[in-house]
Amino acid sequence: MIQQLNLKYCVVGVMMMNGVVYAVLMVQLLAWRSSAVVVSSVKCIESERQALLSLKRGFDLTHDDDWLSSWGDGEQQKDCCNWEGVTCSNHTGHVLMLHLQGDGYTRGSISPSLGELHHLKYLDLSGHHFTHTPSIPPFIASLTFLTHLYLSFCSFGGNIPPQLGNLLFLEYLDLSSNNLVGGFPLQLTNMSSLTYLDLSHNSLNETMPPQLGNLLSLEHLDLSANAFTGTIPSQFKNLSRLQYLDLHYWDKTMSLSSDLQWLSELSTMRYLSLPRVNLSGASNWQQQVSSLSHLQHLDLHGCNLVDSVLTSSLASTSLSSVDISNNSLRDASLIFPWLMNSTRNLVTLIMNDNGLTGTIPETFGDNLNSLEELNLANNELKGQIPLSLFHSCNLAWLDLSNNNLTGEFHEYIREYSRCAHKPLQILDLGWNEITGMVPDLSQLQSLQELRLDNNRLNGSIHEGIGELSNLTELSLGNNFLTGLISEAHFSRLSHLGTLDLSHNALAFNVSVDWIPPFNLTNIYLARCKLGPDFPTWLHTQTMIDNLDISCAGISSTVPNWFWERLPFMMYLNISHNRFPGKIEDPPIVSYYVFVVAFDSDPHLSIDLSFNLFEGPIPAILSTASETFLSNNRFSLANPFLCANLTKSMRFMDLSNNDLRGELSDCWRGFESLVVLDLSNNQFYGNMPKSLGSLRNIKSIHLGGNNFSGKIPSSLHNCTQLQIFYAARNKLSGTIPTWIGDNIPKLLVLSLHSNNFHGNIPLSMCNLDELRVLDLSLNILSGSIPKCISNLSAMATQAKSNATITHDYHYEYRDGFSRTDSEVSGVYNDSASLTWKGKMSKYGSTLGLLRSIDFSSNRLTGEIPTEMMTLIGLVSLNLSRNLFSGHIPSTIGQLKSIDFLDLSRNHLSGTIPSQLAQIDDLSVLDLSYNDLSGEIPLGTQLQTRDASAYAGNPKLCGAPLNNTCPIHGHQISEHDADGDDDEQFVSEGFYIAMAVGFVMSFWGFCFSLILKKSWRYAYFKLLSDVYDTLYRSRWPNSKGSDLKYEASLHHHAYHEDESRTLLQFKQSFVITELLLVAWRPCDELKSSQFFGEVPPQISHLRNLLILDLRSYFEYILPNPINKLQLKISTLRSLIQNATSLEVLRLSFVTISSSIPDMLTKHSST
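Letter by letter, the sequence shown follows residues 17 to 1180 of this note's numbering.
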């Protein structure tokens, strides 16, 4: 009798059958059911019983003893027709069906005895790992009466046996989720009865045969997740019964393509999925899709679709699910009308990553009120989010992230609150320009993920958010939120796993013994005020993967229990606080339990930079793959470097500490290292030879130490090196020739301030990718090699890619799940370089530099003319050498040069006239040479300070006082006393020029005093100059003595400007919560200021100009100014600052309407 009937695929089949077939099937099922209840005296055939026992012996049942326990030789087990999973004929006793679907854990092999079940019609062996049967056994083809064959998830490899084509009665064939390779055997196209074919999730990699079109009975065809090439056969048009077609392609190479001309013939199609099939040639794809009147599901994501042929008049009235994401459908005015005309029954619409431009129609939500999922993320949509979207009371998933959309968030919540049923589970509006407050969200009880990060939300967060008991993710980072965060904000958030409140002016106000209801996995609270004490509630969070509490104002010690959890984390950032003291190594068992017992290679990124940690660097930190410990007070590196607890470290930054002693020779354990920065410490002695074992290293920074001796020759093995910075040490010997021969990818080489001697090696000319070469302040001699013109990277203009980046990709072992995971990303490198005589650190602009500095050596000979072919050079410093000869006449070719210093050499001859044609030249120094003749005419040369030409007694002309000869001879004293009529410039000329200047100057000044519009225009011009002229007055100003101007324009970061702004803050008496973001954290270096303008600013009675706007307000879509100004402060400022003439507050949040008194101000 029937023990088990597998109806796994009957649902799809029945849905797709017509009425007659459906009735026949039901009669068969009823007949089977009737025969099942009749106890037949017919028992199973003994030969078939033995075949089944042989099949059982092929299974490894150690993990599940109960499975197939009914199969045996016991007295009660004689009749195999009563065995689990076996169905026999009640008339003949032959085995007809085997339902042996596995659970994914059973292993073993398929016994050939299976071929003796000659009457078998139904065989399901899916879900077993037949590791001892590497390919599909051909003897299965001997089961000629099979109608259903299911062999999915069986770990089969090899080709599909062509013998399966002999199964002429086969209706269902499922070989999915194996490792099959090769192509589609032509013999399979003989199976004319086949209605269901699933070969998905294999590695079939040949072309699809046109004979697939011969399978005229096919209703379900799934060839997805393979690697088919070529085009989809046009013979697909013959599959007139096809209702389900899935060809989605995982390979990004898009080797499978189609023009879709066959599609309109498949009138019964209900489900069409062609992701990553190249449809760039399907110019009429919209018409083809619209012709399918029964189509319900359409998935064409990543198909290279374009909207050039779209029309809004077409309609696809049956569609309920549409995914056309990751294409180039850019015109929202064409896409949205087509979808709105198509159907009101659309449930799922996915159009992310298309580059969509334009606005979302105001009635979009009203037309599609059945929507449950809408994804328009990662486009270029602008304008207001229509309120109608929140009229869709069925909406469960809304993702509009990463656009330029605007609107008031609290208004959307107010609209949605009118819905009686609120199924919204995921709401993602992140990375837009949404404004407003975070209102009471307690009604959204289904909400699971709320992402509003990187918007312009302001005000405090309503405590009602703590009532969302199903919330798993809360992301409100990078907004303008202010106020206190209390325990009430989290009262019922027991399922919360991700919390992001970073980069807001929020302060936590929770009790010391607070135990949160959640156990977080991801915590991002950068810039939130958590200190001064370490937040004790973190002790209860035992599942942390990612933690960022940087810039949190914490100044207490880190508890020991915290470090014990370090190996179990993936990301830790506690930088830019004031954590003091030593870090004690936790019991080493904490690490070995993780690595040894769980067989894990952890991925951990640690950032402890900019704190006050001291003492030895603990060994436990070497478990990380990325370690950033710069700007602390660590004094000993050896325990950390030689612990060798893991070989997975990729990035190590120990710069700007107090590390002392010789550098340990322990680098053979760091073969994965990509970036090493040990600069600005107190290491001494020789560089260890084992540094040469860093075969994957791309960036080495050893500058600012006391290393001595030679550069170890083992470094020639570091063939991937791009940045080598060893300046400011005591290195000696000659510059190794292998640098040019073995390190061809070098971009930055800085060896300045050492004791290198000898010539510049000719092999240096092999570095055709070199952008920065600094050999200054050494004892080098000889001449500059003429082959220096081979430095081709300096012979081209710098591209827009200003950052030197290092891509990384690696796998690591997850000890808990025992699976391999992948990590990839980009590291932005930086380097400390000398620019215009000042040491500066370059990061985002490092890639733009093209610089050569050979200054302060003993180089001789002439400056090679070949150097003038390096037209990309931005800086050239050859000063303080022994160069002779002329300045090359072709120096004008260096059109990009900004800094040129040839001073203190023995150069002779005239200054080339081409030098005056270099427009970008801002610094020029030709002093202390033996140059002669007239300084060429041109504002670039005449307007410079005379010191640029000092020490050249034979030079003449402006700006020097030494006038040049007229008509070829020097002006004598007799000539000077001669007739004025013979002179071009007389004494009267100078008197007239002085009088004219005085009159013009005071006329201009009186005009500014008397005419307000002129005065405003003049001050506007001054304020728009890149370096504000008045900034130098801030540092020394105190309280009400600050006069004239206060400007907070946002420039690109310069470290001295950052210090100046901090001093400006300190010049006021500021209460605790004001300007909370004005502290020296890493984000301050981007000049992202927020907080409240202090009321004490109104004490500046002599203020003429107050400018709080952003320089980027007309460039950036989301201005970075985040200042807030109370109306009372503005009113006091207007009353007290009676001399105020220019007030700029664009993009500053003002708490109320502009006071009338502002319009009546006499001078503004």
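Quick reminder that beta carbons are idealized off the backbone N, C-alpha and C, glycines included.
Query, Result
"Length of the line joining the Cα atoms of Leu500 and Ser625", "27 Å"
"Contact under 8 Å by Cβ, Ser664 with Ser680", "no"
"Start and end residues, beta strand (DSSP E) containing Val305", "No beta strand (DSSP E) holds Val305; the alpha helix (DSSP H) holding it covers 301-306."
"CB of Asn486 within 8 Å of CB of Gln461, strictly", "yes"
"Backbone CA spacing between Leu440 and Leu390 [nearest angstrom]", "11 Å"
"Backbone secondary structure at Ile458 - three-state DSSP", "Here the sequence assigns Ser to residue 458, which means Ile is not the residue at that position. Note: Ser458 maps to coil in three-state DSSP."
"Expected contact under 8 Å - CB spacing of Ser895 and Asp917 to nearest Å", "4 Å"
"Residues near Gly569 in its chain [Cβ-Cβ closer than 6 Å; skip 5 each side]", "Lys545, Gly547"
"For Glu91, three-class secondary structure by DSSP", "helix"
"Whether Asp924 touches Gly901 by CB criterion (8 Å)", "Strictly speaking, residue 924 in this sequence is Ser, with Asp absent from that position. Against a cut-off of 8 Å, the Cβ pair of Gly901 and Ser924 comes out as a contact."
"Proximity below 8 Å, CB of Ser963 to CB of Ser943", "yes"
"Selection from Gln304, Asp347, Thr643 that minimises the alpha carbon distance to Ala331", "Gln304"
"Segment contact flag, the region 113-120 with the region 132-145, C-beta cutoff 8 Å, min 3 pairs", "yes"
"Candidates Leu689, His555, Leu210: closest to Thr163 by CA position", "Leu210"
"Endpoints, alpha helix (DSSP H) assigned at Ile1143", "1143-1152"
"Secondary structure of Pro632, DSSP reduced to three states", "strand"
"Through-space distance from Ser799 to Leu5, alpha-carbon basis", "Outside the displayed span of the chain (17 to 1180) sits residue 5, for which this structure offers no information."
"Buried versus exposed call for His236 [16 or more other C-beta atoms within 10 Å across all chains shown]", "buried"
"Beta-carbon separation (whole angstroms), Thr379 vs Ser349, contact threshold 8 Å", "With 8 Å as the limit, Thr379 and Ser349 do not qualify as a contact, their Cβ atoms being about 14 Å apart."
"Per-residue burial, Ala436 [other beta carbons within 10 Å of its own, 16 or more giving buried]", "exposed"
"Per-residue DSSP class, three states only, for Ser924", "strand"
"N- and C-terminal bounds of the alpha helix (DSSP H) containing Leu71", "62-73"
"Nearest to Leu937 (by Cα), restricted to the options Ser891, Thr223, Leu276", "Ser891"
"Start-end ranges of the alpha helix (DSSP H) lying completely within the region 566-609, minimum 4 residues", "576-580, 605-608"
"Unbroken stretches of the beta strand (DSSP E), 3 residues or longer, contained in the region 332-389", "337-339, 364-366"
"Enclosing beta strand (DSSP E) for Asp315 [first to last residue]", "313-315"
"Helix, strand or coil at Tyr121 according to DSSP, with G and I counted as helix", "coil"
"Sub-8 Å separation of Tyr428 and Gly493 beta-carbons", "no"
"Sub-8 Å separation of Leu4 and Glu785 beta-carbons", "The structure shown does not extend to residue 4, since the chain is modelled only from 17 to 1180, so the question has no answer here."
"Where the alpha helix (DSSP H) containing Leu657 begins and where it ends", "654-657"
"C-beta contact flag for Asn873 and Asn945 at 8 Å", "no"
"Which residues DSSP lists as bridging Ile1166, in chain order", "Leu1141"
"Whole-Å CB distance - Met586 paired with Leu620, under 8 Å assumed", "6 Å"
"Cβ pair Asn195, Gly173 closer than 8 Å", "yes"
"Span separating the alpha-carbon of Asn721 from that of Cys781", "28 Å"
"Presumed contact (8 Å Cβ cut-off) between Leu497 and Leu466, rounded CB distance", "With a Cβ gap of about 14 Å, Leu497 and Leu466 do not count as contacting."
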